[in-house]
Amino acid sequence: MTVSLDSSFNSGSERLARLRRRATRIGHFLWLMARNPLTAIGGSIVLLLMIVALFAPWIAPYSPLVQDLNNALSPPGAAHWFGTDEFGRDIFSRLVYGSRITLYIVLLVSVTVGPLGLLLGITAGYFGGKVDAVLMRITDIFISFPSLVLALAFVAALGPGLEHVVIAITLTAWPPIARLARAEALSLRQADFISAVRLQGASSVRVLARHILPLCMPSVIIRITMNMAGIILTAAGLGFLGLGAQPPDPEWGAMISSGRSYMMECWWVVTVPGLAILINSLAFNFLGDGLRDILDPRNE
1 MTVSLDSSFN SGSERLARLR RRATRIGHFL WLMARNPLTA IGGSIVLLLM
51 IVALFAPWIA PYSPLVQDLN NALSPPGAAH WFGTDEFGRD IFSRLVYGSR
101 ITLYIVLLVS VTVGPLGLLL GITAGYFGGK VDAVLMRITD IFISFPSLVL
151 ALAFVAALGP GLEHVVIAIT LTAWPPIARL ARAEALSLRQ ADFISAVRLQ
201 GASSVRVLAR HILPLCMPSV IIRITMNMAG IILTAAGLGF LGLGAQPPDP
251 EWGAMISSGR SYMMECWWVV TVPGLAILIN SLAFNFLGDG LRDILDPRNE
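In UniProt numbering, the protein residues as written are 1 to 300.
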């Protein structure tokens, strides 16, 4: 009975110690981010974007789809903080709901291209030879085209729509990540500890999964974070051309496209969504720069 109680107590103490260490690491990470003003600003804006997207029904004062032609193209005021568009829809409400579409595209593309680019990159870098040659030639084909042009080609083939935009951007965003992961794997595969693991009989899959992949992840996470700004711009560009989310969905690029005919007389119709795209793109860039300074040991 005493032995059982002692073992339970020790197990609980170990779990508590692990939680304390984890909390200490998280606190130190947040402190490092707060030290850099641009990183703190970027992280705050990204956090605000997530909160707005999550609580959009409670934040938006109006429905983003309901039209009020009597108030069409009303300037910013007390009733409509950012004015209304050509159909009388509240621009602030459409901006709030549009953050959901933007965040949906950014997150879905990021969680797809990260594992895909990382897997292809470390495979090419570790095995080398013909595997490396084939995978990198495929990567070079994708990199040789501007990402927006290539995304346009994919969307033109697939047809307009939000899901097709995600697929198109994913197909254009993985090559830089694969290149980065390959470079990291090339530098690691000749390391002494990798040679020691191989001498112990570890398989290539185990070496990749347990030793090379974890060491490549910080650089890949940084690159994905910095790529999020490009994802926002590409999605907005496709929406502007009418190939993204279809009307009446409040996608930021589509909002600029529909309001460009009125921009000379009603500046708010295109300026507000344009500023939203600009601010959030800069925020992800600032956050990516900060993560690079924190996670990359070469910057210490």
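Heads up, the beta-carbon is just placed ideally off N, CA and C, and yes, glycines get one too.
{"Query": "Within 10 Å of its beta-carbon, does Asp90 have 16 or more other beta-carbons around it, so buried, or fewer, so exposed?", "Result": "buried"}
{"Query": "Considering only residues of the same chain and omitting the five flanking positions on each side of Pro273, which have a CB-CB separation below 6 Å?", "Result": "Trp252, Met255 and Ile256"}
{"Query": "In its own chain, which residues sit with a C-beta less than 8 Å from the C-beta of Asn285, not counting the 5 before and 5 after it?", "Result": "Gly42, Met226 and Ala229"}
{"Query": "Inspect the beta-carbon positions of Ala53 and Gly121 and report whether they are closer than 8 Å.", "Result": "no"}
{"Query": "From Leu275 to Val269, what distance separates their C-alpha atoms?", "Result": "11 Å"}
{"Query": "Using the beta-carbon count (16 or more within 10 Å), is Val111 buried or exposed?", "Result": "exposed"}
{"Query": "With DSSP as the reference, label Asp140 as helix, strand or coil.", "Result": "helix"}
{"Query": "Whole angstroms are fine: how far does the CA of Pro160 sit from the CA of Ala40?", "Result": "36 Å"}
{"Query": "Is the beta carbon of Thr139 sitting closer than 8 Å to the one on Pro115?", "Result": "no"}
{"Query": "Less than 8 Å between the CB atoms is what I'm expecting for Arg198 and Gly125, so what's the real figure, rounded?", "Result": "15 Å between Cβ atoms; not a contact."}
{"Query": "Rounded to whole angstroms, what is the Cα-Cα separation between Asp289 and Asn71?", "Result": "43 Å"}
{"Query": "Is Ala235 near Thr102, with beta carbons less than 8 Å apart?", "Result": "yes"}
{"Query": "How many Å lie between Trp267 and Ala79 at the Cα?", "Result": "18 Å"}
{"Query": "For my contact list, Leu158 and His164 are in at a C-beta cut-off of 8 Å; report their separation, rounded to the angstrom.", "Result": "4 Å"}
{"Query": "Taking Gly77 as the reference, which of Pro64, Phe92 and Leu65 has the closest Cα?", "Result": "Phe92"}
{"Query": "Taking Cβ positions, are Ile277 and Leu233 nearer each other than 8 Å?", "Result": "yes"}
{"Query": "Just grab the DSSP bridge partners of Asp90 for me.", "Result": "Thr84"}
{"Query": "At which residue ranges does the region 42-78 contain complete alpha helix (DSSP H) runs of 4 or more residues, listed in the order of the chain?", "Result": "56-59"}
{"Query": "So, with DSSP's three-state summary, where would you put Cys216?", "Result": "helix"}
{"Query": "Pull up the CB-CB distance for Leu95 and Phe82, whole angstroms please, since I reckon it's below 8 Å.", "Result": "7 Å"}
{"Query": "How would you call Leu47, buried or exposed, if buried means at least 16 neighbouring beta carbons within 10 angstroms?", "Result": "exposed"}
{"Query": "Can you tell me where the alpha helix (DSSP H) with Ala196 in it begins and where it stops?", "Result": "Asp192 to Leu199"}
{"Query": "Taking a contact to mean a Cβ-Cβ separation below 8 Å, would you say Pro64 touches Tyr97 in this structure?", "Result": "yes"}
{"Query": "Over what stretch of residues does the alpha helix (DSSP H) that includes Leu171 continue unbroken?", "Result": "Leu162 to Leu188"}
{"Query": "Let's test the definition: count the other Cβ atoms within 10 Å of the Cβ of Arg182 and tell me whether it reaches 16, buried, or not, exposed.", "Result": "buried"}
{"Query": "Count the other CB atoms within 10 Å of the CB of Ser204; is the residue buried (16 or more) or exposed (fewer)?", "Result": "exposed"}
{"Query": "Report yes if the CB atom of Ile194 is closer than 8 Å to the CB atom of Val207, and no otherwise.", "Result": "yes"}
{"Query": "I need the straight-line Cα distance from Gly201 to Leu215, nearest angstrom please.", "Result": "20 Å"}
{"Query": "In or out: Gly244 buried (at least 16 other Cβ within 10 Å) or exposed?", "Result": "buried"}
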